[in-house]
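Novice:
There are 2 protein chains.
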Amino acid sequence: MTQYVYRFGGGVSDGGKGDSRATQARPGDVSERKALLGGKGANLAEMASIGLPVPPGFTIATPMCALYYEAGEQLPEDVRAEIAGGIAHIEAVTGHRFGDASDPLLVSVRSGARVSMPGMMDTVLNLGLNDATVAGLATASGDARFAWDSYRRFIQMYADVVLELDHGAFEEALEVAKEDRGFTLDTELSAADLQALVAEYKALVEAEWGKPFPQDVHEQLWGAVGAVFGSWQSERAKTYRRLNDIPADWGTAVSVQAMVFGNMGDTSATGVAFTRDPSTGANAYYGEFLINAQGEDVVAGIRTPQYLTRAAREMAGARATSMEEAMPAVYGELASVFATLEHHYRDMQDIEFTVERTKLWMLQTRSGKRTAKAALKIAVDMAEEGLISREEAIARVDPQALDQLLHPTLDPSAARDVIAKGLPASPGAASGAAVFDAATAEKWAADGKPVILVRTETSPEDIGGMHAARGILTARGGMTSHAAVVARGMGRPCVSGAGSIAISAKDKVMRVAGREVREGDTLTIDGSTGEVMAGEVPTVSPELSGDFGVLMGWADAVRRLKVRCNADTPNDARVAREFGAEGIGLCRTEHMFFDAARITAVRQMILAEDLAGRQVALAKLLPEQRSDFAAIFEVMAGLPVTIRLLDPPLHEFLPHEEADFAEVARASGLEIDALKRRAAELHEFNPMLGHRGCRLGVTYPEIYEMQARAIFEAALDVAERGDAPVPEVMIPLVATRRELELMKAVVDRAARAVFAERGRTVDYLVGTMIELPRAALRAGDIAEQAEFFSFGTNDLTQTTLGVSRDDAGRFLGQYVEQGIYARDPFVSLDIEGVGELVTIAAERGRAKRPAIKLGICGEHGGDPASIAFCEQVGLDYVSASPYRVPIARLAAAQAALKT
Amino acid sequence: MTQYVYRFGGGVSDGGKGDSRATQARPGDVSERKALLGGKGANLAEMASIGLPVPPGFTIATPMCALYYEAGEQLPEDVRAEIAGGIAHIEAVTGHRFGDASDPLLVSVRSGARVSMPGMMDTVLNLGLNDATVAGLATASGDARFAWDSYRRFIQMYADVVLELDHGAFEEALEVAKEDRGFTLDTELSAADLQALVAEYKALVEAEWGKPFPQDVHEQLWGAVGAVFGSWQSERAKTYRRLNDIPADWGTAVSVQAMVFGNMGDTSATGVAFTRDPSTGANAYYGEFLINAQGEDVVAGIRTPQYLTRAAREMAGARATSMEEAMPAVYGELASVFATLEHHYRDMQDIEFTVERTKLWMLQTRSGKRTAKAALKIAVDMAEEGLISREEAIARVDPQALDQLLHPTLDPSAARDVIAKGLPASPGAASGAAVFDAATAEKWAADGKPVILVRTETSPEDIGGMHAARGILTARGGMTSHAAVVARGMGRPCVSGAGSIAISAKDKVMRVAGREVREGDTLTIDGSTGEVMAGEVPTVSPELSGDFGVLMGWADAVRRLKVRCNADTPNDARVAREFGAEGIGLCRTEHMFFDAARITAVRQMILAEDLAGRQVALAKLLPEQRSDFAAIFEVMAGLPVTIRLLDPPLHEFLPHEEADFAEVARASGLEIDALKRRAAELHEFNPMLGHRGCRLGVTYPEIYEMQARAIFEAALDVAERGDAPVPEVMIPLVATRRELELMKAVVDRAARAVFAERGRTVDYLVGTMIELPRAALRAGDIAEQAEFFSFGTNDLTQTTLGVSRDDAGRFLGQYVEQGIYARDPFVSLDIEGVGELVTIAAERGRAKRPAIKLGICGEHGGDPASIAFCEQVGLDYVSASPYRVPIARLAAAQAALKT
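Those protein sequence lines, which keep their order, are chains P and L. Start counting the first sequence at 836; every next residue gets the next number (the working numbering). Start counting the second sequence at 836; every next residue gets the next number (the working numbering).
What follows is the structure in C-alpha cells.
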C-alpha cells in the first residue's frame, strides 16, 4: 500500500535524513523529499532527524492532494487509518491524548508545497479544542484565560478556513466585547469574558453554517486537512503560482503537528528569524519576536514586534527589550540552533520558533528568501567563509534578480522632501503616482503609468496590484509582514510600517504630518532606507563594485559564452561596456535613420522615383552614417561590432503629416502628389513578411553600398586614432545562399573601394542573421557565404510560430494561461520549436564552415533560461540590452557550470 | 586534346549512334549526346548513322560556347585546325571545294542547343560565296540567276547576323529594285538585276561597316561561327530561356553543313513537316512546302506555302498542287523516311527537308512540339499501335499542358459575329481587349486586363507580349510560323494568317470587311477553328472523354496518390468530381461567411462585446452553415470532405461603409460608435501572423463549436438520404499539441452532443493543417492529437521564407530574375526549404501515429513538380483546384512511374 503519512519528532523521522545540500528557493530546484512532503514537511523531518527540538507530528504527502481533487474535493476514506496512526504517534510522544477532556492534545494543521508560497494557503491552529477539552486545557495549563482564548481563536480560524464563514462577524463580536468592558487590548479580556465570547462565536457559527460548531475532534481534523488541500486551488494561490511559474500539479502536503504555545505567559514567546539579514545579507541574526503571543501575531503585523538581538534594538533606537536581553538562556540555545542549521543546510535559513514556558521549539526552517543584494552578499560571504565553493556561490544568485541591483537608486545629493519614515522592507527606490487600492494600481500600470501602491497593510488579495506597482508603502507591519516578504520576492521596493501615516482607502488619501497626498500625487520611496518622499527624486547609477564585482569576477572565470550588447548609440555602448560587454552583437542602423535631422533625406531616398534620385539622398546620408559608426567604434575600440544593414520595411520611415511631405518635396524637388502616391504604393499588408531586410539590398543595392562605405570609412578613421574596431557587417532576413552572395559582393566591393582610396585596410567579417526558418534549414549553403551567424530570435520566433509580436497581445495572455506556451515565447526562447531550428542551423553551419562564429541577438540573449540553451548549443556569444549584460554574464557562468 | 568538332554525313558519324529512345522535348530530359552536340547536331549525326540522306557537315560541340565567352566573345585560335578538318570532310564527300572559284562548296552555319529554341538564335546560309565563287556557282549549277540570288541573300543575312548592320536598308534596296522595274515578286528579278543588287548591297555594307564585305571564305566562316555562339546571349534568347527554365550555362553547339538548294528551279523544293498533325495529333503527314524556294521562305511566312498531301489540300479547298501530286516520286521517298524516323525515335517528328533537283535531303529532325490535344492523341495512338508502352504514353503528356484542354471552349450554340478567318494555329478560345504591340499587351495584362495580341506577324521580340496575352492573332504566316509555334508551346490560343485583316500597329487599329477594331475593343478568337469574332462569345465546358479519358484511365491505374479538390461551394465540388476528384481536401468555411445574406450576422458576431452577444449571432449562422455543408456533402456523398474551421483574421469581415455599420447596429442593438471602436481595435499590423486560425478557436471556442455542430448536423441530414460523407474537421494554424488538444475537445464535444440529440452517429476525423514551421517540427507531439495532417503549403511558404504573398510583388520578380528562387515559390514548392519541413513533419507524424493520413492542400497540390515531391515523401493525397484535378491525376501517375 502506498504510504501517505510520514511521522516526525520524538526520535522518529519517517521521511528519513537527507537533503543536507542547500537548495535554492526556486521552482524546479527541489529534492525528491520536498516533492513528497512539501518544503515545510521535509524540513521538519530533517530537523527532527538531526536532533533539533521539533514538536512531534506527521505529514500527509503531496500525492494525496491529487487524490483529494480526483475524489471531487474530498479526502479518500481509506486514509483515516493512517492519519489515526499519526495522531497516536503524537499522543505517544507528548503524553497528551487527542480529545481527552482532562489533558487534551492540540494540533496545528498547515499546508506546505514544494516551494514556499507565503500566506497563500490556509492554516488551522489549536485544533482539538471543544467544550469539554477547553476545561482540561485550563486545568492542565493552570491558565483558564489561555484555554478560553485558544478556544476562541480556534473557533474563529476554523470558521474562516474550514467552514468558509465571513470572518468580519467574529472580529466585530471581539471588538464589541472589548468596547462593552472599556478595554482596548485583547489581553485585557478575562477568562470569563472569553468564555462568553466563545458562546457568542458558537452561536454565530450555528447561525451562519446551519449546524453547531463540531465538537468531535476527529471531525475537526478531517475538516481541517480537507480545507488545507482545498486551499491549493484558491484564486490567490493560483495567481501566485502563475506569477511564479509553479505547476498546478505539484499539489501541497499537509503537516499536522502538536501545538506549542508562545502565549502561556511571560516565559513564553514566539518569533521568526533569518540566520542572516535577508535585506542586506549582513552576517547577523535578524528577526522579531513577541512575548506571550502566538506566531500569527508576529507575521500579521498587528502588534509591533521586538528585535531579536540587542545590537539590532540599539541600532533602531527601540525601547522594547530584545530577546537576547529578555530571555538570555533561550536566546543562547536559539543561536546555537541557528549555527547548526546554517552549517547543515549550507544556506541562510528562515526560521519560525516558539518558546513555551522557557522550552524552545523549532516550528519551521527553510532557505530564506532574500533580496538580490543579500543573495549576492550571502553567496560571496559564504564562499569566503569556506561554507560553500565559488561555483556554488555563482549558482546561488538568480541572474534575473540582479536586475534590482543594476537600476538607478536615489541621488544622495538630491533634495528630498521626506514626509515619513518606515521600515526598509525591500531595497531599491521608486517614484510613481500614489494609488490606494490594488485594482487601480493594476489599471493605471496597464496604461503605462508608474504607481506606488499605498495600503494600511497588504493581504494576499493585493498580489496583482503589488506586481503592477513600482513600489509598495504600508502604514503597518514589520520587516516580515506580508507586504515586505512579497515585495522582496518580486523585487519591488517596499517601505513597511510607516506608522505616522493615516490612510483612507475609501477617500483615496493619505495624511501625514498635516499634509495630504491624494490619488495621483507623486510619491518616492526608498526601500533601502525606509524614507517616504513627496514628489519625484532624481536617481543615480548603481555601484557595480564590492560583492557584485567579486561575484562577476568569479562568473567571468567560469563562463565560456562571450557576452555582447545590443546598442545603437555611443551612450548605450558606453553603459554596456561598463557592465562588461565584450563587443556589440547588434547595432541597428535604422534607428540612426529616425534622427530628426536626417529623416528628410531618408524620406527623399525612399520616395525617389529612380536610382539617380536615391543616390542624391544617399550622398546626404553617407557622412551622417559615417559619424554614427565612428562614435560607436571609438567606444568599442578593439572589440567586435556587428552592424546590421537596413532592415525594416521602408514605409516605416514615411511622412505622415502634410508638413513632412512638404519638407520632402522641397528637399527632393518632387511634387507632393507624386510623393503621396509613392508613399501609398509602399503600404504593405504584412510588413513583417514584406519588402524589408536584404530584400531592400537586393532591389536597391545602392542603399547597402552606402552603409558599407560608411562603415569602412568610419573604421579607418577610428583605427587612425587608436585601436581598430572589428566591423562585422550583418545582412538581415536572408533565406537563401544567393541573397547573401549578392549582398556580400556589394559589401566587399565597397570595402575594396574604400581601402583603395585610403591605402589602408581593416579586418572585417560579412555574415548574416538567421531569423527565418528557411535560413536555419539551409544554413549549410548559407555558411558557404557567411563568416558568422547571428540568431535573430525575435523574428525567428515570429516566423516559426507564425505570431506577430505587435499583434500577439490579443491572444498570448490566454495562450500562457491555458498552458499553450509555458512562458511568453518572446521573453523566453521556445526551446522545442525555435530552439530546434537554432540547433539545426548551428550544426549545419559548422559542418560547412567549422570556424563560423555563432551568436544570438534577440531579446532572448538577456534571458537566463535562453542563455542556458545557447550554452548547450555551443554558441560563441549572446548579445543583450546594456542593463542585462551582467545578468547574461552570470547566467552564462551558471550555464557553463551545469554542463 | 579535347575534341570539339564532330563530323557527319557521307557514311561518317563522329557523334556515334545512340539516342534511339524517344525523348520528351522538355528541359532536363535530354541525352548526353544532345548535351554535347545540341539537338540539331545530335539528330543530324543520328540520321547520318541510320543511313538517311543528310548533307555532310560537322558540329562544333557546346563546350566551345563557354570557351567563346571566357575568351571575351571570340573563338580560341586553336580550334581553327579542327574546323579546317571539318571543311575537308565536307569537301571530300561533296567533291566541291570551299572558296573554289570554279565549283565552290557553300555551307550553312546553324545554332543548336540541347532543347529547341525556335527562331531564338542566328543562322547563316550560302556561306562561301564571294565575287569569284558566285561565278563558279553559276557555271556549276548552270543557273546564273540562282547564283546571284544566293549571293544577294548571303550578303543580307551575313550583314544582319555577323556584322549586325540594320537589315532595313537591304530590304529597302530590294523593294526599290523591284519598283524601278515594275515588279512585285522577287522571282521576277533577272540575274542581271540581282547582280546589280549585289553591288548595291556590298556598297551598303562598306558604308555602314566601314570595310568591304569579306571575300575570304574562311574569314566568312570564322565570323559566322562566332556570331552564332554570340547569339546565345542575345536579349531574345535570354528571355526565351527565362520563360522556359533553360539554364544559361548549357550553351549552344554550331553545325556547319553543306548547302543544298531548294531554289534550283522547279525540280527543287523545300519544306517542313510533322509525321503527325501537331495540332490535333491525327496520324497523317502534316506539312508545307514551296517549289523553288529556300527553307526560310516557308518558315518566315512570306510566300503562302502549299500542302504536303493531296488529302490536306482538298480538305482546305486549296488550289496549289500538293507535293504528293507535284513530286510523287520524291514524296514517296519522303514518306518512307517519315516512317523510318518515327519508328527509330518512337515519337512524332518535326522535319526539315530540301529537294535539290529531285534529290531529297534531310536537314533536320526532332521530336515535334505539339498541342496538349495532339500530345494526348499521339501518346494514346502510339501506345495502341504498340510503338510505346502505356507507361511511356503517360510520361509523354505534360500535365501542365492539359490545362489547355480543361478550360471552356466557345459555346457552339452562341451567336458569333465572325469578322475574319485564319489558320487554326493553336487550339483553345480566348477573349480580350485588342492590343497592337507587345509592350501594351504586357502592361495591360499586368493590370489584370485580358488582352488579345494582334500583329501582322510576330517575331522573337514579341515573346513577352505573347506570354502576357490570352490569345494571338496574326494576319500573315502559316501553321509553322513563329506565332503558331510559340503560341502552341505556351498553350495560348492562336489564329495565324488571317489574310483579310489589315493591321496598322502605328494607328492601333485593324480593319477587316469594312469594319474597324481599335485598341481596347473586345475580340474573341478560336484557335481550334481559326475564327475571329467581334465582342465576347460565351464558352462551354470541355469534353473529357475520348483520348483524354483513356489516358486518365491509364494514369489512374498506376498512380498511388489520391487526388482531392479544394472546393468551397457545391458547384466547385461538382466540377471537381466530374474531373475525377476523390474527395475534398480543403473546404474553406470563411468563404461562406462572405455571403451577402450572412455578412451582417458575421459582423455582429465579431463586434459583439461578450460571449452572450457572440452567441446570439452564432445562432443565426448555424442553420446557414448547416445547409452549406449539407449541399457540399451531397455532392461528395461517400467521399471524405476536409472542412477547415474559421481561419482568417476577423477584421477581414469588418464593415467599411457607414451603411454596413448601421446595418450591424440595427441587428445587434449596439451603438455605431461602439462598433467602430471595436472595429478599430481589431486592426492588425501583420494579420497573417495575427489573431487568426485556431487562435480564434482558443479565444472564442463558441465559434468553432457552432461550426462543428453545423458539420455534424449536416452530415447526419445527408446520411439519412443516402451515402454518408466522411467529415474531416481541420483545425488551422496549429503550432502546438495543446492548441489542437483544446480545439479537438470542442469538436468532439459538439459531435457527442449532436449524436446524442439525433440518436445516430457518423464517422469523422479531427486533424490539423501543418502550415507553421513549429507545427512541422513538433509534428510528433501534434500527431498525438491529430488523425490527419494537411500541409497548408501556402502559409508554410509564407512563414518558412518570411514572405507575404500579398506583398511579394515588389521583389519576387527580381528574385526570380536574379536566380534567388528558380521559380515563384508560391507556384512551385520550394523543395529544399519548405519541402524539408514537410518531410520532417511526415516522418515525425508517422513515427508517433503510423496510420496518420497525410495530404497537401496549398496551391502546390496542382503543380506537377510539387506533386512529384509529394509522391517522394509518401503523402496519401494531393488536393488541387477543380480545373487542375486532371493535371494532378496525370502528374501523380508520372511521379509514381518515376519512383
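Where is the CB? At the ideal position from N, CA and C, for every residue including glycine.
(1) I'd like to know whether the C-beta of P/Val-1638 is nearer than 8 Å to at least one C-beta of chain L.
(2) Could you tell me whether the segment 1275 to 1285 of chain L touches the segment 1394 to 1405 of chain L, using the rule of 3 or more Cβ pairs below 8 Å?
(3) At least one CB of chain P closer than 8 Å to the CB of L/His-931: is that the case?
(4) Going by the CB atoms, is the gap between L/Leu-1421 and P/Gly-1637 shorter than 8 Å?
(5) Could you have a look at L/Thr-1634 and say whether DSSP puts it in helix, strand or coil?
(6) Give the single residue among L/Leu-1481, L/Ala-967, L/Glu-908 and L/Arg-1513 whose Cα lies nearest to the Cα of L/Asp-1529.
(7) Where does L/Arg-856 sit, in a helix, a strand or coil, going by DSSP?
(8) Once DSSP output is grouped into helix, strand and coil, what is the label at L/Gln-1620?
(9) Can you give me the start and stop residues for the alpha helix (DSSP H) that L/Trp-1067 sits inside?
(10) Between which two residues does the beta strand (DSSP E) holding L/Asn-961 run?
(11) To be precise: take each residue of the segment 1562 to 1573 of chain L, compare its Cβ to all Cβ atoms of chain P, and keep it if any distance is under 7 Å. Which residues remain?
(12) What residues in the segment 1532 to 1553 of chain L have a beta carbon less than 7 Å from any beta carbon of chain P?
(13) In the structure shown, what three-state DSSP assignment does L/Ala-1088 receive?
(14) If the cut is a Cβ gap below 9 Å, which residues of chain P does L/Thr-1628 touch?
(15) Just mark L/Gly-1594 as buried or exposed, buried being the case when its beta carbon has 16 or more other beta carbons within 10 Å.
(16) Quick check: does the Cβ of P/Ala-975 come within less than 7 Å of any heavy atom belonging to the ligand ADP?
(17) Quick one: is P/Val-1286 buried, meaning 16 or more other Cβ sit within 10 Å of its Cβ, or exposed?
(18) Expressed to the nearest angstrom, what Euclidean distance is found between the alpha-carbon atoms of L/Gln-859 and L/Thr-1359?
(19) Using a C-beta to C-beta distance shorter than 8 Å, which residues of chain P count as neighbours of L/Gln-1653?
(20) Can you list the residues of chain P that L/Met-1523 reaches, using a CB-CB cut of under 9 Å?
(21) So, using beta-carbon positions, are L/Leu-1568 and L/Met-1604 closer together than 8 Å?
(22) Anything in chain P within Cβ reach of L/Asp-1642, meaning under 7 Å, just list it in chain order.
(23) Would P/Arg-1512 be called buried (16 or more neighbouring beta carbons within 10 Å of its own) or exposed?
(24) What is the C-beta distance between P/Ala-1008 and P/Leu-1029, in whole angstroms, given that I count them as a contact (C-beta under 8 Å)?
(25) What are the residues of the segment 1663 to 1676 of chain P that lie near chain L, defined by any Cβ-Cβ distance shorter than 8 Å?
(26) Could you name the residues of the same chain whose beta carbon sits closer than 6 Å to that of L/Gly-1415, not counting the 5 residues immediately before and after it, in chain order?
(27) Under three-state DSSP, which class holds L/Phe-1468?
(28) Reducing DSSP to helix, strand and coil, say where P/Tyr-841 ends up.
(29) Can you name the residues of chain L whose CB is closer than 7 Å to the CB of P/Arg-1530?
(30) So which of L/Cys-1400, L/Thr-837 and L/Phe-1188 has the shortest CA-CA distance to L/Met-899?
(31) Check P/Ile-1126 in the structure and name its three-state DSSP category.
(32) Between the beta-carbon of L/Arg-1544 and the beta-carbon of L/Ala-1585, is there less than 8 Å?
(33) As an exercise, report each continuous alpha helix (DSSP H) stretch of at least 4 residues that is fully enclosed by the segment 1643 to 1682 of chain L, in chain order.
(34) Which term fits L/His-1178, buried or exposed, when burial requires 16 or more other beta carbons within 10 angstroms of its beta carbon?
(35) Along chain L, which residues have their Cβ under 7 Å away from the Cβ of P/Gln-1633?
(36) Which whole runs of the beta strand (DSSP E) in the segment 1343 to 1413 of chain L are 3 residues long or more, in chain order?
Specialist: On the basis of the supplied data:
(1) Position 803 of the first sequence, counted from the start, is the residue given in the question as residue 1638 of chain P. Under the Cβ criterion of 8 Å, P/Val-1638 is counted among the residues facing chain L.
(2) Proximity of the segment 1275 to 1285 of chain L to the segment 1394 to 1405 of chain L falls short of the contact definition, fewer than three beta-carbon pairs being nearer than 8 Å.
(3) Taking the second sequence and counting its residues from 1, the one referred to as residue 931 of chain L is at position 96. Residue-level contact check: L/His-931 does not touch chain P, since none of the beta carbons of chain P fall below 8 Å from its beta carbon.
(4) Translated into positions along the first sequence, residue 1637 of chain P becomes position 802. Translated into positions along the second sequence, residue 1421 of chain L becomes position 586. Not closer than 8 Å, so no.
(5) For the purposes of this step, residue 1634 of chain L is taken as residue 799 along the second sequence, with counting starting at 1. Note: L/Thr-1634 maps to helix in three-state DSSP.
(6) The count along the second sequence starts at 1 and reaches residue 1529 of chain L at position 694. A small fix is needed here, since residue 1529 of chain L is Cys in this sequence, not Asp. Of the listed residues, the one whose Cα sits closest to L/Cys-1529 is L/Leu-1481.
(7) For the purposes of this step, residue 856 of chain L is taken as the residue at position 21 of the second sequence. Residue placement at L/Arg-856 is flagged as unreliable, the pLDDT there being 40, under the threshold of 50; the coordinate-derived value follows with that caveat. Note: L/Arg-856 maps to coil in three-state DSSP.
(8) By one-based count along the second sequence, residue 1620 of chain L stands at place 785. Reduced to three states, the DSSP call for L/Gln-1620 is coil.
(9) Locating residue 1067 of chain L in the second sequence gives position 232, counting from the first residue. According to the DSSP assignment, L/Trp-1067 belongs to no alpha helix (DSSP H), since it is labelled neither H nor E.
(10) Sequence index remark: in the second sequence, residue 961 of chain L carries index 126 (1-based). For L/Asn-961, the enclosing beta strand (DSSP E) starts and ends at 958 to 962.
(11) Residues of the segment 1562 to 1573 of chain L with a C-beta less than 7 Å from any C-beta of chain P: Leu-1568, Ala-1570, Thr-1571 and Arg-1573, listed in chain order.
(12) Correct list: Val-1533 and Thr-1534.
(13) Your numbering for residue 1088 of chain L matches position 253 in the second sequence. Reduced to three states, the DSSP call for L/Ala-1088 is strand.
(14) Counting from 1 along the second sequence, the entry for residue 1628 of chain L is found at position 793. Chain P residues near L/Thr-1628: none, gap ~13 Å exceeds 9 Å.
(15) Counting from 1 along the second sequence, the entry for residue 1594 of chain L is found at position 759. L/Gly-1594 should be labelled exposed.
(16) Among the components of this structure there are no ligands whatsoever, and the ligand ADP is therefore not found.
(17) On the first sequence, position 451 is the one that residue 1286 of chain P refers to. Around the beta-carbon of P/Val-1286, 16 or more other beta-carbon atoms lie within 10 Å, marking it buried.
(18) Numbered from its first residue, the second sequence carries residue 859 of chain L at position 24. Numbered from its first residue, the second sequence carries residue 1359 of chain L at position 524. Summary for L/Gln-859: the model assigns pLDDT 36, below 50, so the residue's position carries little reliability, and this model does not support an answer.
(19) For the purposes of this step, residue 1653 of chain L is identified with residue 818 of the second sequence, where counting begins at 1. Within chain P, the residues near L/Gln-1653 are Val-1533, Arg-1573 and Leu-1577.
(20) Your numbering for residue 1523 of chain L matches position 688 in the second sequence. Under the 9 Å cutoff, chain P gives Phe-1520, Asn-1521, Met-1523, Leu-1524, Gly-1637 and Ser-1639.
(21) For the purposes of this step, residue 1568 of chain L is taken as the residue at position 733 of the second sequence. For the purposes of this step, residue 1604 of chain L is taken as the residue at position 769 of the second sequence. Their beta carbons are under 8 Å apart, which means L/Leu-1568 touches L/Met-1604 by this criterion.
(22) Along the second sequence, one-based indexing puts residue 1642 of chain L at 807. Contact annotation for L/Asp-1642 against chain P: Glu-1519, Phe-1520, Asn-1521, Leu-1524, Gly-1525 and His-1526 [CB-CB distance below 7 Å, chain order].
(23) Locating residue 1512 of chain P in the first sequence gives position 677, counting from the first residue. Under this definition P/Arg-1512 is an exposed residue.
(24) Here residue 1008 of chain P refers to the residue found at position 173 when the first sequence is read from its first residue. Here residue 1029 of chain P refers to the residue found at position 194 when the first sequence is read from its first residue. With a Cβ gap of about 11 Å, P/Ala-1008 and P/Leu-1029 do not count as contacting.
(25) Within the segment 1663 to 1676 of chain P, the qualifying residues are Asp-1665, Glu-1667, Gly-1668, Val-1669, Glu-1671 and Leu-1672.
(26) Translated into the one-based positions of the second sequence, residue 1415 of chain L becomes position 580. So the qualifying residues of the chain are Val-1720 and Arg-1724.
(27) The residue given as residue 1468 of chain L occupies position 633 in the second sequence. In the displayed model, L/Phe-1468 falls within a helix according to three-state DSSP.
(28) Position 6 of the first sequence holds residue 841 of chain P. Here P/Tyr-841 sits in strand by DSSP.
(29) The residue you call residue 1530 of chain P lines up with position 695 of the first sequence. By Cβ distance, chain L contributes Phe-1646.
(30) Against the second sequence, residue 899 of chain L aligns to sequence position 64. Looking at the Cα atoms, L/Thr-837 is the closest of the given residues.
(31) Looking up residue 1126 of chain P in the first sequence gives position 291. When secondary structure is reduced to three states using DSSP, P/Ile-1126 falls in the strand class.
(32) Taking the second sequence and counting its residues from 1, one reaches residue 1544 of chain L at position 709. Taking the second sequence and counting its residues from 1, one reaches residue 1585 of chain L at position 750. Against a cut-off of 8 Å, the Cβ pair of L/Ala-1585 and L/Arg-1544 comes out as a contact.
(33) Listed in chain order, the complete alpha helix (DSSP H) runs (minimum 4 residues) inside the segment 1643 to 1682 of chain L are 1644 to 1652.
(34) To locate residue 1178 of chain L, count along the second sequence from 1; it is residue 343. It is exposed - the Cβ of L/His-1178 has fewer than 16 other Cβ atoms within 10 Å.
(35) The residue you call residue 1633 of chain P lines up with position 798 of the first sequence. Per Cβ cutoff of 7 Å: Leu-1524.
(36) Taking 3 residues as the shortest admissible run, the segment 1343 to 1413 of chain L contains the following complete beta strand (DSSP E) segments, listed from N- to C-terminal end: 1344 to 1347, 1350 to 1353, 1357 to 1361, 1366 to 1369 and 1397 to 1401.
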